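Working notes for the structure below.
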Amino acid sequence: MKVIFITGASGYIGGDILSQLIAKHPKHSYRLLVRNEQSQERILAAYPSVTIIPGSLEDLDVIARESAQADIIIRKNLPTLSARVVFALVYSATREVYHRNQTG
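Shown next as structure tokens:
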């Protein structure tokens, strides 16, 4: 079983990625960074087995901790330089990292 850390799972694209992953790989552990309580409740209602990590892309200590513990990191476009730096610091050859850029 792999631990998968996802940012942006409450959005349209991130939600679709989560849905597809859970359908194809239900035994993996999914840890989702989710900003607001309403989105957290909606995701848990649909996917009770996921773990919600309350926070935003500004919570760099949370991002660093979760990224360091994950086998796979799936992140959407990061608007802040500081969040990009934290992700860059935790990348290693042993992790799979997927980046979804929604611009352009």
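Letter 91 of the sequence shown, counting from 1, is numbered 91 in UniProt numbering, and no numbers are missing. By construction, the Cβ of each residue, glycine as well, lies at the ideal position given by its N, Cα and C atoms. Here the structure is a predicted model, which means the values were calculated and not measured.
Of the other Cβ atoms in all chains shown, fewer than 16 fall within 10 Å of the Cβ of Thr-51; this residue is therefore exposed. Remark: three or more beta-carbon pairs, one from each stretch, lie closer than 8 Å, so the stretch 43 to 50 and the stretch 16 to 31 are flagged as touching. In chain order, Ile-4, Val-50 place their CB closer than 6 Å to the CB of Tyr-30, counting only its own chain and leaving out the 5 sequence neighbours on each side. DSSP places Ser-29 inside the beta strand (DSSP E), whose first and last residues are 29 to 34. By the beta-carbon neighbour count (other beta carbons within 10 angstroms, threshold 16), Glu-37 is exposed. Met-1 is the residue among Met-1, Ser-56, Arg-75 whose C-alpha sits nearest the C-alpha of Lys-27. In the structure shown, Val-50 falls within a coil segment according to DSSP collapsed to helix, strand and coil. One thing to note: Ile-74 has its Cβ within 8 Å of the Cβ of Ile-17.
For Val-62, the closest of Ser-10, Ala-9, Leu-33 by C-alpha to C-alpha distance is Leu-33.
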